[in-house]
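Asks: Residue numbers (the numbering used here), protein chains in the order written: chain A, 1 to 371; chain B, 1001 to 1311.
(1) Evaluate the contact criterion for the stretch 1231–1239 of chain B versus the stretch 1043–1050 of chain B: three or more CB pairs, one atom per stretch, below 8 Å.
(2) Since residue 116(A) and residue 275(A) are thought to touch, with beta carbons under 8 Å apart, how far apart are those beta carbons, to the nearest angstrom?
(3) Does the Cβ of residue 122(A) have 16 or more other Cβ atoms within 10 Å, making it buried, or fewer, making it exposed?
(4) Do we get a CB-CB distance below 8 Å when we pair residue 156(A) with the residues of chain B?
(5) Buried or exposed for residue 1128(B), going by 16 or more other Cβ atoms inside 10 Å?
(6) Which chain B residues are close to residue 349(A), counting only those with a beta carbon under 8 Å from its beta carbon?
(7) Give every residue of the same chain whose Cβ lies closer than 6 Å to the Cβ of residue 990(B), excluding the five residues on either side of it in the sequence, and list them in chain order.
(8) Can you tell me whether DSSP reads residue 367(A) as helix, strand or coil?
(9) Are the beta-carbon atoms of residue 300(A) and residue 306(A) separated by less than 8 Å?
(10) Taking only three categories from DSSP, how would you classify residue 188(A)?
(11) Residue 223(A) CB to nearest chain B CB: under 8 Å?
(12) Compare the Cα-Cα distances from residue 102(A) to each of 293(A), 326(A), 309(A) and 357(A) and report the closest residue.
(13) Just curious, the alpha helix (DSSP H) that residue 229(A) is in, first and last residue?
(14) Under the DSSP definition of a beta bridge, which residues are partnered with residue 1149(B)?
(15) Between the Cα of residue 290(A) and the Cα atoms of 280(A), 249(A), 336(A) and 283(A), which residue gives the shortest distance?
(16) Can you tell me which of the three DSSP states residue 93(A) falls into?
(17) Looking only at its own chain, which residues have a Cβ that is under 7 Å from the Cβ of residue 288(A), when we skip the five neighbours before and after it?
(18) Any Cβ of chain A within less than 8 Å of the Cβ of residue 1282(B)?
(19) Using a Cβ cut-off of 8 Å, which residues of the stretch 1067–1095 of chain B contact any Cβ in chain A, in chain order?
(20) Please report the distance separating the alpha-carbon of residue 1085(B) from that of residue 1177(B).
(21) Which residues, taken in chain order from the stretch 1264–1282 of chain B, show a beta carbon closer than 9 Å to some beta carbon of chain A?
(22) Less than 6 Å between C-beta atoms, sequence neighbours within five positions excluded: which residues of the same chain meet that for residue 35(A)?
(23) Does any CB atom of chain B fall closer than 8 Å to the CB of residue 372(A)?
(24) Report yes or no: is there a C-beta of chain A within less than 8 Å of the C-beta of residue 1106(B)?
(25) Using a Cβ cut-off of 8 Å (strictly closer), state whether residue 1291(B) contacts chain A.
(26) Please tell me whether residue 1020(B) has its Cβ less than 8 Å away from any Cβ of chain A.
(27) Taking contact to mean at least 3 C-beta pairs separated by less than 8 Å, is the stretch 1214–1231 of chain B in contact with the stretch 1055–1069 of chain B?
(28) Using a beta-carbon distance below 8 Å, is residue 164(A) in contact with chain B?
(29) With three or more C-beta pairs closer than 8 Å as the rule, is the stretch 52–59 of chain A touching the stretch 188–207 of chain A?
(30) Is any beta-carbon of chain A found at less than 8 Å from that of residue 1261(B)?
(31) Could you pull the DSSP bridge partners for residue 206(A) from this structure?
(32) For residue 106(A) and residue 170(A), I'd like the C-alpha separation in whole angstroms.
(33) Against chain B, which members of the stretch 207–234 of chain A pass a CB distance test of less than 7 Å?
(34) Examine chain A for any beta-carbon lying closer than 8 Å to the beta-carbon of residue 1224(B), and answer yes or no.
(35) Pull the bridge partners of residue 182(A) from the DSSP assignment, please.
(36) Which chain A residues are close to residue 1099(B), counting only those with a beta carbon under 7 Å from its beta carbon?
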């Protein structure tokens, strides 16, 4: 690996293992290993806090996977996770950091929840859903525009700008819900979309069709990233921006395009959540998917299809984790710790297995000897 | 507008600006040091939050704010060791490690707070205000500028010290070289890894103090997610300060005032929605970034791990 590639895509680089089977096994170890390590570390912390980790993890599996209602909740939770995840994959492939998904999501959610009752009252439901989803996508995309343009024109660090826009977006969403979109009830919340006008549930279940929409979008994004020149251009930009310029790629346009697509997908996640599950939005409501989805995206090695199992895993842990934390008398922010640890164990695992793949010693020697 | 410029309003605005600005000042000073050495420390928010929680515990256990601030500094420094090991020593992606530091710090502090205190939020005694004799008697400014908790004066002394180290010492030169041309520094016989290690640890300690100041002096208690984005604002201040410690002072004071303007306005009978208030500092950051988009100056090797012998 040459130096720029190492620095730009240290997390993203695919291993060049000889056999396909060996490579699958290798990436399985790299993906599952960090998860196991993270759960072990969290188990230790629970033990120190005087909780029984085995019972805690049992509760997660029971409530998130084994109970029919929990399983349906988990599957439903996959929809926003998948959509936000692919939204991040699109920009991360180009090594652009959209860390503002929370603002894009909430602002889009406020628009859908605020306009939803009006739109669905005037046009038939299926058309209304499409309109609202498009509105959400436009809002999500629009909220990335300032960071995208600043990055494209001035090279301004997009980490900072997207984070700032997130805080503004959260505040604006609340202002909308408490102000123009406030329903007739006393509490600050939007009017409620009638049950009959919500996204349809799949037969026999209470899993809404948003999950299917999300899966279809994942496949489409995967094809766009792997089978079109757009995907290749993103990869080139991500690997080496200067090479991208030399190849004649219009880099500023590509940056804006990647951000807009990312924001649109995240906005769609909000529309699916509001139209599928909630039907309204209360002030200060925030599912805070934000940074939590990022570790999953890296576990999936920026591959949209590979995201599906990790999104499923995350959904089970987040639905089951809420119950387990309640049982143990702990806050549900436990999940933040799990995904944070997964991320850090993942970069560490990757580092050491890369080193081993190159035939180097895992324990770094004194620098003088190795260089 | 004229009744806005009453002494009450100005005093509240400046005093509030300093109260809210000091954590920003410490954190952005730390971030400036790290950025000058070539490390983009995205995890600053996590270090502040850890400092806030541990500092609060220290102050609660001993009843002494200074012990609390020290504990906060040490805890921030310990968190920064994660960055040191993974990013400076092993050369892994600074942004990814930074994000995981934020996630872990948020999760762990919230978890520990819940386990230790449940739903209760014990309060600390207010810290003593140190009024500088004579100066504090000046009308309008005296009451706000020169009657502050002692850490405020300390912060200014530290800024002066860091500014002096940056400009006048070999250590400062090494630091900036590590951020601009690490290969030249290496060729000159100075270890880039060692310089960056020290810089990152200083950054962690300062972020820890900033967080501890928020919980001990500012809020007087700890609630989960107490820092609420302060770490990110501090990163912006460090960026806009272009590596000058006094730029961090100016930025921290400005953003501190935009945080406290709502309280000051309420004193003169103007109330604005709380959501607008919470957005205000971030809006002002965005306005500053858009207006001065071309001005932000970052070290050339920022965010790039140093690998000896690579191009």
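Positions of the beta carbon are idealized from the N, C-alpha and C atoms, including for glycine.
Replies: Answer, in terms of the structure:
(1) yes
(2) 7 Å
(3) exposed
(4) yes
(5) exposed
(6) Those do not exist, as residue 349(A) stays about 11 Å from chain B at its closest Cβ, beyond 8 Å.
(7) Only positions 1001 to 1311 of chain B appear in the structure, and residue 990(B) is not among them; the question remains open.
(8) Here residue 367(A) scores only 46 on pLDDT, less than 50, and its place in the model should not be relied on; the value that follows carries that caveat. Helix at residue 367(A).
(9) yes
(10) coil
(11) no
(12) 293(A)
(13) 229–239
(14) 1129(B)
(15) 336(A)
(16) helix
(17) 102
(18) yes
(19) 1082, 1086, 1089, 1090, 1091, 1092, 1093 and 1095
(20) 21 Å
(21) 1273, 1274, 1275, 1276, 1277, 1278, 1279, 1280, 1281 and 1282
(22) 342
(23) As shown, chain A starts at 1 and ends at 371. That puts residue 372(A) outside it, with no answer to give.
(24) yes
(25) no
(26) no
(27) yes
(28) yes
(29) no
(30) no
(31) None; residue 206(A) has no bridge partner.
(32) 6 Å
(33) none
(34) yes
(35) 190(A)
(36) 291, 294 and 343
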